[in-house]
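Notes for the one structure printed next.
Quick look at the structure:
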């Protein structure tokens, strides 16, 4: 599809842009800055602030002949409009002449700034935005320096309105551009902010309870062109010019949003550099210019005093600090002894380099490498995952997206946003889940299946399983799709269920040949940032983790806390002869370990992560690591050295090179390739604050997709594992299904005190009919006997949920990872 | 030679120019730039709002400021924000006075004190309590407990202490 191109002149530049482009964008493309406050390239233009007024002339057309009237010299005659026009609402047209440098335009800008400043408090010295404020910058650039308005008549409004617990509003500073309101309505469809009153009394209010209830709320502070919206987390934290930005990757979910850690020394931390705030970094193929509130506010863990900074060894039953030398010697001796009895259980939080070195170390001993996850199917995402050139942002009309068994809004908010936008651009979105989710609203087909029957539902979508008629229409919608991306998650499913689901999804993709080319493939909505990377390197969850741990001579746990996760695993781990734990904190597993090795957190080291879209991305050191901690890959290399195994441990980049040589999926990749930056639109960054907001521009690399494992047409290697069906019938007991919430009680979230109110609690949600059957009522405390352990939950009614099962979040203190039958009883009031 | 003796004789009759420092001190010139003083309002509240513009203006990077939020129970300055940490490294300072120019509330003033000596590098860093001027007679020390809502401006207008 070719777009109609339009040629116009802007000052002395001639520019060719697609028809429908706004003048302000066309000007930006040739480097002409037209100042704006209310316009944002990601939002609909409204022309509210009038800052973008320019002179526009159009060629004169002779009405009789329909031809352009020419001047004596042969150039088209231009008729300038009698008044100035807003560049943000005017689409370009052929032959247009835009003048941005005339005195008339300068006067208009001067007056608009003067008008906007009538009631602005000018408290820049204490404003968190001061220094990176579009209003400040544009006033300096275009303002008059004096005001004709009377100072004493300035409006005085509330200066400290908490919109929620995360975002503060300063009503005096607000210039009523409505960027935040439009962002919430248009972009993320959480219409919780609104205008209230009119004229001078106009103010921004939140309409939700609790206030500003949106997981994208932090982005409004980025696009606010003044300091009206600021985060509570960063309030008075530092001045923007004092901080050093360090590029990184958010490790809270498999999306892999590009972020920047803003770092500054802090007296409270005895002069150490600390992370002051997290800002989005533009990557139009991953997170555009947004990040979710989890990524923005979960960064306090690495400065916690609870961090381990010394190796601990069990001496006479007590964990005692020892030197690294002694710890490594002991560990190496035990690994040598263990030989094949070594079981390495790695978590998806580890970087590619850590996983690679750990794998090499384990393989050299003949041990087994396991991934600690409750979600299977990676052998399929590895083969059928997304390839180079894929970009969810390019999916639209004619393409299709299937989201199955995943509440993307909670599990991976940015994917939710990008899938939603693809659907709004015209892609056919099919959402399958046992319960309603936020994505249903944008789906062409929102289909339901019986709890646990996700794989059967996909089979139904292929016509291989008897399903309701709605599936038939969805199948037809899918048939003609040019591109197809399938997201599968673990909503209401456990390890076996997700594995079966992934295999059926793979069948669906192979049936129609939607793999092996860009924008086609299978994406796992994993729990951790680098689960995909672990699968790529051959890590997989154990079919019987309890058995594996029990038999282990040495269990090496890295970024995994089986003891904290499940009582059964705790018992199993007690059976292992020697337990080594590599962790940041003294987790439940570390407490039971024989040897604990403290590791560096992501902001303290280099490395790379593989996102769920199979995009390898680099993160860079932001703050110095505390004395005594080491990166996981270094620890593995140092252990290897003592075992006569030559592993790279000096720098993450060197480890990555070895990884690239050893793994076909990483072939040809290097840190240089990952750190290549590409030109992005819209233009954002420090010099373009007024245009794109305070999002950082990306100079540190967009990352690269891994190499395709399967080319189009090639058949994947058969996966031998027999597919067990997951528990679906609980008999007389209550079937409890797990789902994932964004703010869970994960080990890193708890350090961000601001988020406490948003963190999920052990709430059992179920249909009133089911509740009645089990004698439960709204708000009662109930005791669940799950997998042999008792847990107390609060019962909540939810009409939207299908009867017959109950939903409980993961990681809220109840060991629930897969569907389980629970005995439920109402607890007696004390 | 006689001329020389004459000069000597003349100087014997002149008043001596030397003074007995440190017992005696000369007054400094009106535009003298000595050690910084952080000023207070008459009621004892600090003028400094912790904006760190002095630190931004400082060509020698001698100033370190960290801000925190005032509350009515613990009020340091009239506005929303105050300097919870304020340090000047006197070894770095070149006494240019840019900080004074940059200050929006006239909180930092280069005073008369030129007696700066220290025996270690850390002693050269003057924290906030060394820089703050003494509490005025009618004022009370910070933090103060004030009635709720008494201070609702972001930056005081500096007309009087209750702005």
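Chains as they are written, first to last, in the working numbering: chain G, 89 to 918; chain C, 512 to 674. Cβ atoms here follow ideal geometry from the backbone N, Cα and C, with glycine treated the same way.
Q) Do residue 140 of chain G and residue 175 of chain G have their CB atoms nearer than 8 angstroms? A) Their beta carbons are under 8 angstroms apart, which means residue 140 of chain G touches residue 175 of chain G by this criterion.
Q) Can you name, in chain order, every residue of its own chain whose Cβ lies under 6 angstroms from the Cβ of residue 663 of chain G, other than the five neighbours on each side? A) The residues are 638.
**Q.** Integer-rounded CB distance, given that residue 465 of chain G should sit under 8 angstroms from residue 612 of chain G
**A.** That pair is a contact at about 6 angstroms.
Q: Please look up how many angstroms separate the CB atoms of residue 589 of chain G and residue 610 of chain G, rounded, as I've assumed it's under 8 angstroms.
A: Cβ-Cβ separation between residue 589 of chain G and residue 610 of chain G: approximately 10 angstroms, too far for a contact (criterion under 8 angstroms).
Q. Across which residues does DSSP place residue 880 of chain G in a beta bridge pair?
A. When DSSP reads this structure, residue 880 of chain G sits in a beta bridge with G:871.
**Q.** residue 592 of chain C to residue 213 of chain G span [Cα, whole Å]
**A.** Going by C-alpha positions, residue 592 of chain C is about 10 angstroms away from residue 213 of chain G.
Q | Alpha-carbon to alpha-carbon, residue 897 of chain G and residue 849 of chain G | A | Near 8 angstroms, if we compare the C-alpha coordinates of residue 897 of chain G and residue 849 of chain G.
(Q) Give me the chain G residues within the contact set of residue 666 of chain C, using Cβ-Cβ distance strictly less than 7 angstroms, ordered along the chain. (A) Neighbours of residue 666 of chain C on chain G, chain order: 211, 213, 214.
Q.
Taking the alpha-carbon of residue 339 of chain G as reference, which of G:483, G:620, G:106 has the nearest alpha-carbon?
A. Nearest neighbour of residue 339 of chain G by Cα position, chosen from G:483, G:620, G:106, turns out to be G:620.
Q: Go through its chain and collect everything with a Cβ distance to residue 915 of chain G's Cβ below 7 angstroms, but skip five positions before and after it.
A: Around residue 915 of chain G: 869, 870, 871, 880.
Q. Hey, residue 254 of chain G and residue 306 of chain G: beta-carbon distance below 8 angstroms or not?
A. The answer is yes: Cβ separation under 8 angstroms.
Q. Just to confirm, does residue 548 of chain G get its C-beta within under 7 angstroms of one of the non-hydrogen atoms of the ligand SAM?
A. By its list of ligands, the structure shown contains no ligand whatsoever, and the ligand SAM lies outside what it can speak to.
Q: Kindly say whether residue 615 of chain C, judged by its beta-carbon, lies nearer than 8 angstroms to any beta-carbon of chain G.
A: Interface flag for residue 615 of chain C against chain G is set, since a Cβ pair is found closer than 8 angstroms.
Q. Residue 332 of chain G touches chain C at which residues, Cβ-Cβ below 9 angstroms?
A. Neighbours of residue 332 of chain G on chain C: none; closest Cβ ~14 angstroms, over 9 angstroms.
Q: State the DSSP-derived secondary structure class of residue 175 of chain G, mapped to helix, strand or coil.
A: In the three-state reduction of the DSSP assignment, residue 175 of chain G falls in the coil class, being assigned neither a helical nor a strand state.
Q.
Counting only Cβ-Cβ distances shorter than 9 angstroms, please list the residues of the stretch 315-328 of chain G near chain C, keeping chain order.
A. Near chain C, meaning a CB-to-CB distance below 9 angstroms, the residues of the stretch 315-328 of chain G are 323, 324, 325, 326, 327.
**Q.** Distance between residue 555 of chain C and residue 649 of chain C (C-alpha atoms, nearest Å)
**A.** Taking the straight line from one Cα to the other gives about 8 angstroms.
Q) Given 8 angstroms as the limit, is there contact between the stretch 536-545 of chain G and the stretch 773-789 of chain G, that is, 3 or more CB pairs closer than that? A) No: the two stretches stay apart, fewer than three of their Cβ pairs being nearer than 8 angstroms.
Q: Consider the Cβ of residue 592 of chain C: report whether some Cβ of chain G lies at a distance smaller than 8 angstroms.
A: Taking Cβ atoms only, chain G reaches closer than 8 angstroms to residue 592 of chain C, which makes this a yes.
Q. Taking DSSP as the reference, what is the three-state secondary structure of residue 414 of chain G?
A. The DSSP-derived three-state label of residue 414 of chain G is helix.
Q: Return the chain-ordered list of same chain residues with a C-beta closer than 8 angstroms to the C-beta of residue 909 of chain G, the five sequence neighbours on each side being excluded.
A: Here the set comprises 815, 818, 819, 821, 822, 823, 824.
Q. Would you say residue 588 of chain G reaches chain C, if we count a Cβ-Cβ gap shorter than 8 angstroms as a contact?
A. The beta carbon of residue 588 of chain G does not come within 8 angstroms of any beta carbon belonging to chain C, so the residue lies off that interface.
Q: Classify residue 350 of chain G as helix, strand or coil using the three-state DSSP reduction.
A: DSSP places residue 350 of chain G in strand when its eight states are reduced to three.
Q | Terminal residues of the alpha helix (DSSP H) in which residue 267 of chain G lies | A | For residue 267 of chain G, the enclosing alpha helix (DSSP H) stretches over residues 267-270.
Q: State the Cα-Cα distance for the pair residue 615 of chain G and residue 753 of chain G, rounded to the nearest angstrom.
A: Between the alpha carbons of residue 615 of chain G and residue 753 of chain G lies a gap of roughly 22 angstroms.
Q. Start and end of the alpha helix (DSSP H) containing residue 620 of chain G?
A. Secondary structure note for residue 620 of chain G: its alpha helix (DSSP H) is the uninterrupted segment 619-624.
Q) With a CB to CB cut of under 8 angstroms and the five nearest residues on each side skipped, what residues in its chain are close to residue 429 of chain G? A) The answer, listed in chain order, is 455, 639, 640, 641, 642, 665.
Q) When the Cα of residue 473 of chain G is compared with those of G:591, G:509, G:515, G:329, which residue comes out closest? A) For residue 473 of chain G, the closest alpha carbon among the candidates G:591, G:509, G:515, G:329 is that of G:591.
(Q) Could you compute how far the alpha carbon of residue 231 of chain G sits from the alpha carbon of residue 205 of chain G? (A) Cα to Cα, the separation comes out at about 10 angstroms.
Q. Quick one: what's got a C-beta closer than 6 angstroms to residue 165 of chain G's C-beta in the same chain, skipping five residues either side?
A. Excluding sequence neighbours, residue 165 of chain G sits near 148, 157, 159.
Q.
Tell me the DSSP secondary structure of residue 313 of chain G in three-state form.
A. If DSSP states are grouped into helix, strand and coil, residue 313 of chain G belongs with coil.
Q.
Tell me which residue opens and which closes the alpha helix (DSSP H) that residue 518 of chain C is part of.
A. Counting along the chain, the alpha helix (DSSP H) containing residue 518 of chain C begins and ends at 513-524.
Q.
Check for me: the alpha helix (DSSP H) holding residue 827 of chain G runs from which residue to which?
A. Residue 827 of chain G -> not in any alpha helix (DSSP H); beta strand (DSSP E) instead, spanning 822-827.
Q) Buried or exposed: which applies to residue 624 of chain G, given that a residue is buried once 16 or more other Cβ atoms fall within 10 Å of its Cβ? A) So residue 624 of chain G ends up on the buried side.
Q: Taking only the alpha-carbon atoms, compute the straight-line gap between residue 284 of chain G and residue 365 of chain G and give it to the nearest angstrom.
A: Looking at the two C-alpha atoms, the distance is approximately 31 angstroms.
**Q.** Straight-line Cα distance separating residue 351 of chain G from residue 312 of chain G
**A.** Taking the CA atoms as reference points, residue 312 of chain G sits about 22 angstroms from residue 351 of chain G.
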